[in-house]
Amino acid sequence: MDVLGEAEKKQAINVVLLAQAACAGCFFVCACVVARNANAGFNIVLTALLYIAHALYTAYVVGRESGLHALLANLGSGGGGGGGGAHGLVEPSSTSRLMAGGVAIGTTSALTLLSLTTAVYWGRMSGCTAGVSGVAGYSCYAAGGMRAASAFAALLLVCEALLAAALVAWKDALFAADGLDGYEGFGIERGGGGGDGSRAAAATAPPSLQQRYSFGAAGSQPLAATADL
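Read left to right, the sequence shown gives residues 155 to 383 (this note's numbering).
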């Protein structure tokens, strides 16, 4: 039984996104601190940028049909009253909304695993010994920053896991247009009058090779060769 409405679901996701954005900002600061470590600085900075980009994208996808999209609509209409709509904006189609939601779910799941590996890696690296020489590609700079990066990566792991679970559980309510079946009917072309779409698709499908050249059937005549043969 679904006890939360669409507005409550979006509000809950926005709270998780706000916590994720805060942790991503702190993680970016930690990434800049430990970026001097050999063979690891670029990776952690890139990971921090991915966190920030993902938070912005997910916030846009979830909120474009509510507060954020309404704000953009007001800006597009020039802020004037008088019943004018957003002249410069086009409402997203149901297919684009479902695809954008699928991208959000996929990237959130991937970043959940990335958060786990990042937290474990920098947690282990924080126990390094400074001043060790003779090991190629090894450095131990800012062990405290490594511990902080591991802690924020663990918090991001929790945020990403909660966000992924919410997006999967509420995907139809968040991304499906009103009156459509959501992801259950995604990619299925419906026929007119609410009939079975498979019949309409079969009626308009091109003839197969066996239908075009029906040799061997009793009393059947081969179809005339087409002009392209």
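Built from N, CA and C at the ideal position, the CB exists for glycine as well.
Is Gln174 closer than 7 Å to Ala457 when the C-beta atoms are compared? Missing from the structure shown is residue 457; the chain here goes from 155 to 383 and no further.
Helix, strand or coil: how does DSSP classify Cys177 here? As a position in the sequence shown, residue 177 is number 23, starting the count at 1. Note: Cys177 maps to helix in three-state DSSP.
Quick check on the DSSP output: the alpha helix (DSSP H) that includes Gly217 runs from which residue to which? For this step, residue 217 is matched to residue 63 along the sequence shown. 195–217 is the span of the alpha helix (DSSP H), which, as asked, contains Gly217.
May I have the straight-line CA-CA distance separating Gly299 from Val312, to the nearest angstrom? Counting from one through the sequence shown, the residue named residue 299 turns up at place 145. Counting from one through the sequence shown, the residue named residue 312 turns up at place 158. When rounded, the distance between both Cα atoms is 20 Å.
Which of the three DSSP states is assigned to Thr249 in this structure? Taking the sequence shown and counting its residues from 1, the one referred to as residue 249 is at position 95. Helix at Thr249.
Write down every uninterrupted run of the alpha helix (DSSP H) in the segment 256–286 whose length is 4 residues or greater and which is fully enclosed by it, in chain order. none
Along the alpha helix (DSSP H) that carries Ala298, what are the first and last residues, could you check? Your numbering for residue 298 matches position 144 in the sequence shown. Rather than Ala, the amino acid found at residue 298 in this sequence is Gly. Per DSSP, Gly298 belongs to the alpha helix (DSSP H) from 297–323.
Check this for me: beta carbons of Ala273 and Ala315, under 7 Å apart or not? As a working note, residue 273 is residue 119 in the sequence shown. As a working note, residue 315 is residue 161 in the sequence shown. Result no, Cβ atoms of Ala273 and Ala315 do not sit closer than 7 Å.
If we call anything under 7 Å between Cβ atoms a contact, is Gly255 one with Phe329? Walking along the sequence shown from the start, residue 255 turns up at place 101. Walking along the sequence shown from the start, residue 329 turns up at place 175. Yes. Within cutoff.
Determine, using beta carbons only, whether Glu160 and Ala319 come nearer to each other than 7 Å. Stepping through the sequence shown from its first residue, residue 160 is reached at position 6. Stepping through the sequence shown from its first residue, residue 319 is reached at position 165. Not closer than 7 Å, so no.
Which residue wins for smallest C-alpha separation from Val183, given the options Gln165, Ala166, Ile206, Ala258? Locating residue 183 in the sequence shown gives position 29, counting from the first residue. Val183 has its Cα closest to that of Ile206, out of Gln165, Ala166, Ile206, Ala258.
Alpha-carbon to alpha-carbon, Ala302 and Trp114: Nothing in the structure corresponds to residue 114, since the chain is present only between 155 and 383.
Classify Ala192 as helix, strand or coil using the three-state DSSP reduction. By 1-based counting over the sequence shown, the position of residue 192 is 38. DSSP places Ala192 in coil when its eight states are reduced to three.
Relative to the C-alpha of Leu317, which candidate in Ala202, Arg190, Thr266 has its C-alpha closest? Taking the sequence shown and counting its residues from 1, one reaches residue 317 at position 163. Answer by Cα proximity: Thr266.
So, are the CB atoms of Val216 and Lys163 less than 7 Å apart? As a working mapping, residue 216 is identified with position 62 in the sequence shown. As a working mapping, residue 163 is identified with position 9 in the sequence shown. No; because the gap between Cβ atoms is not below 7 Å, this pair is not in contact.
Please state whether DSSP places Cys294 in a helix, a strand or coil. Here residue 294 is taken as the residue at index 140 of the sequence shown, counted from 1. In this structure, Cys294 counts as coil in the three-state DSSP scheme.
Does the beta-carbon distance from Ala189 to Val199 come in below 7 Å? For the purposes of this step, residue 189 is identified with residue 35 of the sequence shown, where counting begins at 1. For the purposes of this step, residue 199 is identified with residue 45 of the sequence shown, where counting begins at 1. Against a cut-off of 7 Å, the Cβ pair of Val199 and Ala189 comes out as a contact.
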